[in-house]
DNA sequence: GGAATTATTGCTCATGTGAGCAGACACGGA
DNA sequence: TCCGTGTCTGCTCACATGAGCAATAATTCC
């Protein structure tokens with residue numbers, strides 16, 4: 001298109017979108033036929049000069065969702081808009097809200113829902129509405145922060161989700177990681193614990209988040225790992241953790257010995273499950289999100305626009 | 001509007017604006033009549049959830065221009081969009097381009113055009129296209145940086161504007177500010193200088209910018225004023241300079257003695273002229289822009305979206 | 001509880017707009 | 001010069017959409 005046509009298309013767009021003029025009226029102003037105006041507006045759109053944004057905390061980006069589904073083979077992708085967001089916390093809150101929405105609209109409603117724990121899932125639990133489902137049995141799928149801690153987030157997350165669904169919560173009464181393998185194995189032979197783990201393995205749906213591999217990890221906060229241990233894991237290729245287990249960019253367990261001492265369902269069990277919902281959001285989680293999606297650790301991804309775009313860029317330039 | 005309707009309006013907007021679905025189709029998806037969908041979309045717009053931006057260096061903001069005209073009594077206002085701009089320099093370039101466009105489209109074409117000098121006007125001169133007007137006599141209206149300096153911006157600005165209009169430039173061969181009043185008065189009695197000044201006073205149109213009152217002022221750069229002098233002026237209420245003369249927020253000369261030693265047309269002559277085009281852009285120039293507009297120093301303002309909004313805010317909360 | 005008022009819904013109709021097409025035009029090669 | 005090729009323009013027609021208006025539902029007030 002000629003340079004002067006480009007300018008005209010901008011003038012037309014101003015009158016059309018900002019002044020709500022009809023193409024006819026614009027034609028009179030710019031001394032063009034209304035068809036020419038229509039074509040100019042179309043070209044302005046085609047050239048990407050017209051940007052339409054939906055500015056709302058609940059806004060999603062359907063085109064990005066579609067592209068994500070197509071390029072990754074995800075069953076479903078939920079991408080929240082980051083338009084007008086200033087802080088990462090706000091973005092994560094939006095994502096949690098979207099995850100809550102997704103859970104609520106999920107059909108068929110899962111009878112048992114396996115969940116991990118963390119800030120993100122806690123956020124999701126808070127965004128769910130009372131009565132979001134008619135009775136769901138929520139099962140913890142990995143060891144939690146603690147049973148005795150008053151507002152042990154792990155337990156409270158599960159209980160809240162279950163309570164709001166008028167259902168029940170089955171907690172996994174175990175630390176996330178044992179120091180000694182023997183203790184962990186002994187624990188697993190306990191009938192109660194074994195029962196919970198069996199229930200977890202057979203959950204109809206899984207909901208989990210992922211943590212980036214750095215000093216801010218929830219596992220460090222909770223005291224299960226030291227910053228040194230994390231650095232060691234990173235040095236060995238770890239990009240983050242899923243249900244308490246550290247994986248590299250190929251989705252492989254980074255430290256098998258550590259993995260053995262970790263309580264909860266295995267990565268492979270997650271990989272085989274038919275409905276696994278990952279909620280991952282924030283600038284720092286782009287790499288772990290990529291690892292999760294690329295290696296089929298989830299069938300549904302709930303994330304933010306920026307993370308989604310990062311995933312798509314990966315695909316475009318391999 | 002109810003909360004659930006608000007959410008629905010967002011869902012509808014996603015399908016309408018991002019997926020290009022028809023309101024009919026959206027109705028089917030959301031189980032609504034197409035009229036309801038139409039209303040939801042209208043409400044989304046009314047609530048400001050839909051943001052349409054024209055992203056182009058030449059894009060203007062017509063609604064803001066109109067509001068500016070209405071609230072300030074300007075004959076004309078040109079406001080360039082700041083969408084997608086990262087640096088102040090880029091914004092100033094856009095503004096200069098818009099000023100060049102405005103000059104080019106000006107009817108009737110002024111036979112004599114009085115101009116000041118500075119980075120901004122130099123920028124304008126560069127953006128003008130060869131043959132932008134059929135012969136214009138460009139006259140300098142205030143003393144310039146120098147005659148002997150190779151690319152003396154002041155002279156080159158005037159010459160460029162005139163040359164591109166196939167016209168002539170009349171330079172004012174004088175410093176901006178004299179140290180002694182007597183020297184300045186002697187200079188003004190010179191027939192050549194007096195002639196130029198008379199021509200300047202009677203110009204059909206004026207084009208000028210304005211400088212903020214701080215150490216970065218062009219008058220400091222050129223050595224006419226020291227940083228200390230500027231600070232003194234600021235202490236006395238100066239917000240910036242117009243054609244080399246420092247004014248306060250009420251448009252009054254801050255230092256009459258200094259003003260007397262300044263060569264060029266008076267502020268009042270500018271105020272009385274029927275067509276005075278001010279080109280002012282950038283974050284640092286909000287206050288001087290306000291002083292210029294509020295005190296009727298220009299009849300036409302060319303500026304950027306942010307500056308314009310700052311002006312409008314002023315008006316809304318007095 | 002019933003009447004009055006207001007908000008919401010479904011609809012008709014006029015208008016605005018994009019797809020598709022035929023003719024006009026510009027350009028380049030024989 | 002002529003003819004083919006591709007682009008652009010003006011137009012018809014079908015569809016999408018907003019304005020306006022009854023009918024209905026919800027709410028408020030007595």
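Chains as they are written, first to last, in full-length UniProt numbering: chain A, 1 to 318; chain B, 1 to 318.
Built from N, CA and C at the ideal position, the CB exists for glycine as well.
Keep in mind the model is a prediction, meaning the values are calculated, not measured.
So, at 8 angstroms on beta carbons, what are the nonlocal neighbours of residue i in its own chain, with the 5 sequence-adjacent residues on each side left out?
| i | result |
| --- | --- |
| residue 147 (chain B) | In this prediction, residue 147 (chain B) has a pLDDT of 44, which is less than 50 and means its spatial position is unreliable; nothing more can be read from the coordinates. |
| residue 236 (chain B) | 248, 254, 255 |
| residue 75 (chain B) | 69, 275, 299, 300 |
| residue 269 (chain B) | 201 |
| residue 196 (chain A) | 139, 140, 170, 171, 172, 173 |
| residue 243 (chain B) | 116, 141, 142, 208, 264, 265, 267, 270 |
Please classify residue i: does DSSP put it in a helix, a strand, or coil?
| i | result |
| --- | --- |
| residue 246 (chain B) | strand |
| residue 115 (chain A) | strand |
| residue 87 (chain B) | coil |
| residue 195 (chain A) | helix |
| residue 97 (chain B) | helix |
| residue 37 (chain B) | helix |
| residue 60 (chain B) | strand |
| residue 268 (chain A) | helix |
| residue 79 (chain A) | strand |
| residue 124 (chain B) | helix |
| residue 226 (chain B) | coil |
| residue 292 (chain A) | helix |
| residue 168 (chain B) | strand |
| residue 159 (chain B) | helix |
| residue 273 (chain A) | coil |
| residue 239 (chain B) | strand |
| residue 150 (chain A) | Legend: pLDDT at residue 150 (chain A) = 46, less than 50; position of this residue unreliable, value from coordinates given subsequently. In the structure shown, residue 150 (chain A) sits in coil (DSSP, three-state: anything other than H, G, I, E or B). |
Specify, as a first and last residue, the run of the alpha helix (DSSP H) that residue i falls within.
| i | result |
| --- | --- |
| residue 24 (chain A) | 23-30 |
| residue 304 (chain A) | Segment 300-304 is the beta strand (DSSP E) holding residue 304 (chain A); no alpha helix (DSSP H) there. |
| residue 4 (chain B) | 3-13 |
| residue 218 (chain B) | 218-221 |
| residue 189 (chain A) | 181-189 |
Identify the residues that DSSP records as bridge partners of residue i: which are they?
| i | result |
| --- | --- |
| residue 208 (chain A) | A:278 |
| residue 213 (chain A) | Bridge partners of residue 213 (chain A): none, in fact. |
| residue 253 (chain B) | B:247 |
| residue 109 (chain A) | None; residue 109 (chain A) has no bridge partner. |
| residue 284 (chain A) | In DSSP, residue 284 (chain A) forms no bridge with anything. |
| residue 262 (chain B) | B:177 |
Quick one: what's got a C-beta closer than 6 angstroms to residue i's C-beta in the same chain, skipping five residues either side?
| i | result |
| --- | --- |
| residue 110 (chain A) | 204, 205 |
| residue 166 (chain A) | 135 |
| residue 265 (chain B) | 141, 200, 201 |
| residue 34 (chain A) | 23, 24, 27 |
| residue 48 (chain A) | none |
| residue 92 (chain A) | 281, 282 |
| residue 55 (chain A) | 83, 84 |
| residue 225 (chain A) | 219 |
| residue 284 (chain B) | 212 |
| residue 119 (chain A) | none |
| residue 87 (chain A) | none |
| residue 160 (chain B) | 125 |
Would you call the CB atoms of residue i and residue j closer than 8 angstroms?
| i | j | result |
| --- | --- | --- |
| residue 401 (chain B) | residue 141 (chain B) | With chain B covering 1 to 318 only, the question about residue 401 (chain B) has no answer from this structure. |
| residue 40 (chain B) | residue 8 (chain B) | yes |
| residue 312 (chain B) | residue 293 (chain B) | no |
| residue 66 (chain B) | residue 80 (chain B) | no |
| residue 124 (chain A) | residue 96 (chain A) | yes |
| residue 102 (chain B) | residue 234 (chain B) | no |
| residue 17 (chain B) | residue 52 (chain A) | yes |
| residue 295 (chain A) | residue 240 (chain A) | no |
| residue 64 (chain A) | residue 13 (chain A) | no |
| residue 128 (chain B) | residue 98 (chain B) | no |
Return the chain-ordered list of same chain residues with a C-beta closer than 7 angstroms to the C-beta of residue i, the five sequence neighbours on each side being excluded.
| i | result |
| --- | --- |
| residue 227 (chain A) | 215, 220 |
| residue 158 (chain A) | 115, 138, 140, 169, 171 |
| residue 314 (chain A) | 290 |
Taking the beta strand (DSSP E) that residue i falls in, what are its first and last residues?
| i | result |
| --- | --- |
| residue 137 (chain B) | 137-140 |
| residue 51 (chain A) | 50-54 |
Within 7 angstroms: the Cβ of residue i and any heavy atom of the ligand ZN?
| i | result |
| --- | --- |
| residue 109 (chain A) | Ligands are entirely absent from the displayed structure, and the ligand ZN is therefore not among its contents. |
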